[in-house]
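What follows is a single structure, written as structure tokens, with notes after it.
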Amino acid sequence: MLDVNHSDESELNKSEETSSVPRDLTQMDMKSLWHPMTQHKKYERNPPKRMDKAQGCYVVDAEGKEYLDGVSGLWCVNVGYGRKELADAAHEQLVELSYFPLVMSHSPAIKLAAKLLELLQFEGKVHFSNSGSEANETAFKMARQYHSQMGGTRRYKIISRYRAYHGNTMGALSATAQAERRAKYDPLVPGFMHVHPPYCYRCPFGKEYGSCNIECATNVENVVIHEGAESVAAIIVEPVISGGGVIVPPDEYLPILREICDRYDILLIFDEVVSGFGRLGKMFGHEHWGVKPDIITLAKGITSGYLPLSATITQQYIFDAFLDETDPTSHFRHINTYGGNPASTALSLKNIEIIETEQLTNQAAKMGAYLRTELSTIENHPYVGEIRGKGLLIGIELVADKETKEPLAGEKVGLVVSRCLELGTIIGRNTSTIPGLSNVLIIAPPLILTKADADLIVDNLKQALEEISTNVTRMIS
Ligand code: PLP
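Positions 483 to 959 (our numbering) are the ones given, in order, by the sequence shown.
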């Protein structure tokens, strides 16, 4: 998860007196809306920015100011804003069949399920829900029940990585290993364990890539053995950790995890809520490493954020374990009212058609490479510790000291984000992750990004970094 517009500094926000935004809507907002991830005491001083319109990569606020959305909303608007054909697809479907639950069936859900399996080259089954969190909850329940159906010992433990975000519901939050995000919600769900991420910039094992024996991956086997392999149901990973700070694994990492899972009969779940649908320059992130999961979860780019939808997709052998008619508890006893609703699934089909016909996965790869080249011009900036990513998911880790890698303080990171916003570019940052490590800027624009858009992001970021570091230096001296 990321925070795109929060800063501790008030100076960069317009005061209500100078704002042309109608006071009544702003006041209604303050009076009635509880915004996510927000300290509302700050909002009393700086009312939230209201967006009124959007087209392509750009959003326009209530005062008519345009911003390049460098994070695609919450990294979900993959095909860009304002696509009439998506609105039409939903409209036509709502008129035809507005709603029906998937305890029975309807054609857009059937067609989308078939399309997803074709894209994934899976022989398997698709289960729909509404959000990434729910898709992961569904995957955990499927994994636990799968092992139960298969007999043997009761496998219930789910392993995930520190820094990873897997959602806001209690199970998904239990898999989320970000101390700041979990604080005050304990006790969470039992049976969730965490291992270190493949974070070469700050290797948790104190090693260097090349002589490390990929300990971040091989150590997972030790954890499995110490936990008792026969108690472990699944390992869940994003191919690239996104909200936890854009952490790209070394090439050996995912193949090693696959081997460990196969060796101990553990299911491998890929959370591709962010990395699905072209974000990393391939239709699905895992294609970069040629490793197949047992279960994959998708959301966000599945509808480019136009309507809520998510999917939990299993290989056929998992589904087959739920077919024991002699056992009244063998089927998957899990339902949600809206999952796979006709409008969302019809819209998703059109969204995928756009991604394919406009070759947006190639565009993401091409523009990602272009952005990385242009961003290399800020590599020498004293705040820039590391620039990393894949396709159009790029993280810039900011540091106070390049040598010691001391993380840049969160307030200063917030100032960079706020200054970019003032200059007209929305960039994100990781927030509420690991104490002291909310220091990664995040760029994940719509996949339709042009070179001119990319140049604007880099120019604004460069200017923001220059100004903030100079001002801070001036303030200190
Ligand atoms: N998984 C990942 C990797 C995410 O980044 C997110 C949300 O940002 C989720 C799951 C949860 O998705 P949602 O917010 O749709 O519940």
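For every residue, glycine included, the Cβ atom is placed at its ideal position computed from N, Cα and C.
No experiment lies behind these values; they were computed from the predicted model shown.
Asked	Found
Sub-8 Å separation of residue 580 and residue 824 beta-carbons	yes
Sequence-distant residues of its chain with Cβ nearer than 7 Å to residue 783 (five each side left out)	558, 560, 758, 759, 760 and 761
Given residue 874 as reference, the closest of 913, 803, 899 and 766 once Cα atoms are compared	766
Element boundaries [alpha helix (DSSP H), containing residue 738]	735–746
For residue 715, the first and last residue of its enclosing beta strand (DSSP E)	714–719
Heavy atom of ligand 1 within 7 Å of residue 517 beta-carbon	no
Inter-residue spacing [alpha-carbon to alpha-carbon] between residue 675 and residue 777	19 Å
Alpha carbon of residue 506 to alpha carbon of residue 525, nearest angstrom	16 Å
Reference residue 601, options 860, 858 and 795, closest by Cα	795
Among 710, 780, 563 and 687, the one whose alpha carbon lies nearest that of residue 594	780
Lining residues of ligand 1 - beta-carbon closer than 7 Å to any non-hydrogen atom, in sequence order	483, 556, 613, 614, 615, 616, 618, 647, 648, 649, 650, 654, 720, 724, 725, 753, 755, 756, 781, 782 and 792
Residue 793 vs residue 608 beta-carbon contact at 8 Å	yes
Contact belief for residue 647 with residue 678 at Cβ below 8 Å, rounded distance in angstroms	So it is not a contact: roughly 16 Å between Cβ atoms.
Nearest neighbour of residue 723, chosen from 756, 617, 941 and 866 [CA to CA]	756
Residue 607 - containing beta strand (DSSP E), residue span	606–611
Cβ-heavy atom distance, residue 866 to ligand 2, below 7 Å	For ligand 2, the structure offers nothing, since it holds only ligand 1.
Unbroken alpha helix (DSSP H) run spanning residue 664, endpoints	661–664
Reference residue 621, options 635, 634 and 641, closest by Cα	641
Which of helix, strand or coil DSSP assigns to residue 490	Only weak support is given to the placement of residue 490: the predicted model assigns it a pLDDT of 40, under 50, and the question is left unresolved by the model.
Cβ separation of residue 551 and residue 810, assumed to be a contact under 8 Å, to the nearest whole Å	About 50 Å separates the two Cβ atoms, so there is no contact after all.
For residue 791, the three-state DSSP class (helix, strand or coil)	coil
Uninterrupted beta strand (DSSP E) stretches inside the stretch 844–882 (no shorter than 3 residues)	866–872
Close-in-space but distant-in-sequence residues of the same chain around residue 871 (CB under 6 Å, 5 per side omitted)	728 and 877
Close-in-space but distant-in-sequence residues of the same chain around residue 804 (CB under 8 Å, 5 per side omitted)	627, 628, 631, 812, 813 and 814
Residues of its chain near residue 583, where Cβ-Cβ distance is below 8 Å and the 5 sequence neighbours each way are ignored	817 and 819
Sub-8 Å separation of residue 913 and residue 519 beta-carbons	yes
Alpha carbon of residue 862 to alpha carbon of residue 948, nearest angstrom	11 Å
8 Å Cβ cutoff met for residue 856 and residue 773	no
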